[in-house]
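Chemist:
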């Protein structure tokens, strides 16, 4: 099972692939991320770094996940906080979280999180939901710089278009999202107590940590952050 293709990523889309529940999980993840990045004209060095990093994440998902659900590989791009490709591995097991310095948790050979951190621009983990079903779980992710010549959006994304697409993405993941207009007529999406405004160029919302904004082209990044907010509502401490 999968959604999206590499050419969907530059204009704000994503790819999501279901990974096998057997030891081939890591090799399948390597093949998929390499093929996706080749189609997006990443240099070979970046592709090799991504293959090694995603292999660590997929191996961890296969080794430590105890449910019958299959891991997933997600790939999308974001422009903020930097122009980067985001590569995530999702599983439904929230009982074990990778912790920096805990090598055994992440790699039986002692490499641990350090190998992913060394190969990537940024990495992290958070509560989320599947992109192929509505299952709850977590993802571990890393980013790599976008290549020179990355295509820019050739079409205007209006707030109304962004609201429609964001609502669709959230509902597909089982997140209840309602869309309305504010007093000025600007689209607003409500997810529980969280309100997301579609402004001229950005998604905008406020959390307990402060104001958040994300360019409209970064729809996948915005959706992931909103899903995390929904999944951690009432959670006293969210791994980061």
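Residue numbers (my numbering): 675 to 914. All residues carry an ideal CB built from backbone N, CA and C; glycine is no exception.
Does DSSP put residue 906 in a helix, a strand or coil?
Modeler: If DSSP states are grouped into helix, strand and coil, residue 906 belongs with the helices.
Chemist: Roughly how far, in whole angstroms, is the beta-carbon of residue 895 from the beta-carbon of residue 833, given that I think they are within contact range, below 8 Å?
Modeler: With a Cβ gap of about 17 Å, residue 895 and residue 833 do not count as contacting.
Chemist: Drop a sphere of 10 angstroms on the beta-carbon of residue 745, count the other beta-carbons inside from all chains shown, and report buried for 16 or more, exposed for fewer.
Modeler: Buried is the call here.
Chemist: Where do the N-terminal and C-terminal ends of the beta strand (DSSP E) with residue 715 fall, by residue?
Modeler: Note, residue 715: premise wrong, no beta strand (DSSP E); not H, not E.
Chemist: Leaving out the 5 sequence neighbours to the left and right, which residues in its chain are closer than 6 Å to residue 706 when beta-carbon positions are compared?
Modeler: For residue 706, where only same-chain residues beyond five positions count, the Cβ hits under 6 Å are 691 and 747.
Chemist: Let me know the beta strand (DSSP E) ranges lying completely inside the stretch 687 to 757, each 3 residues or longer, listed in chain order.
Modeler: As far as the stretch 687 to 757 is concerned, its whole beta strand (DSSP E) runs of at least 3 residues are 688 to 692 and 746 to 752.
Chemist: By the three-class DSSP mapping on this structure, what secondary structure does residue 892 have?
Modeler: Correct three-state label for residue 892: helix.
Chemist: So residue 847 and residue 901 are in contact, right, with Cβ under 8 Å, and what is the actual spacing, rounded?
Modeler: That belief holds up - the Cβ atoms of residue 847 and residue 901 are roughly 6 Å apart, short of 8 Å.
Chemist: Can you tell me which residues form a DSSP beta bridge with residue 870?
Modeler: The partner list for residue 870 (beta bridge, DSSP) reads 863.
Chemist: For residue 760, tell me which candidate among 907, 903 and 892 has the shortest Cα-Cα distance.
Modeler: It is 892 whose Cα lies nearest to the Cα of residue 760.
Chemist: For residue 821 and residue 711, I'd like the C-alpha separation in whole angstroms.
Modeler: If you take the alpha carbons of residue 821 and residue 711, they lie about 10 Å apart.
Chemist: Where does residue 845 fall in DSSP's three states?
Modeler: Here residue 845 sits in helix by DSSP.
Chemist: So, do the stretch 785 to 803 and the stretch 726 to 734 have three or more beta carbon pairs nearer to each other than 8 Å?
Modeler: They touch, by the three-pair rule.
Chemist: Are the CB atoms of residue 862 and residue 849 nearer to each other than 7 Å?
Modeler: Contact flag unset, no.
Chemist: Have a look at the DSSP bridge pairing and note the partners of residue 812.
Modeler: DSSP, once it has assigned bridges, lists 765 and 801 as partnering residue 812.
Chemist: Give me the Cβ distance between residue 813 and residue 763, rounded to the nearest whole Å; I'm assuming they're in contact under 8 Å.
Modeler: Sure, about 6 Å apart at Cβ, within 8 Å.
Chemist: In this structure, does DSSP put residue 838 in helix, strand or coil?
Modeler: Three-state DSSP puts residue 838 in a helix.
Chemist: Strictly under 7 Å for the Cβ-Cβ distance: is residue 872 near chain B by that measure?
Modeler: You won't find chain B in this structure, because it holds only one protein chain.
Chemist: Relative to the C-alpha of residue 717, which candidate in 905, 738, 823 and 684 has its C-alpha closest?
Modeler: Checked all of 905, 738, 823 and 684; the closest Cα to residue 717 is 823.
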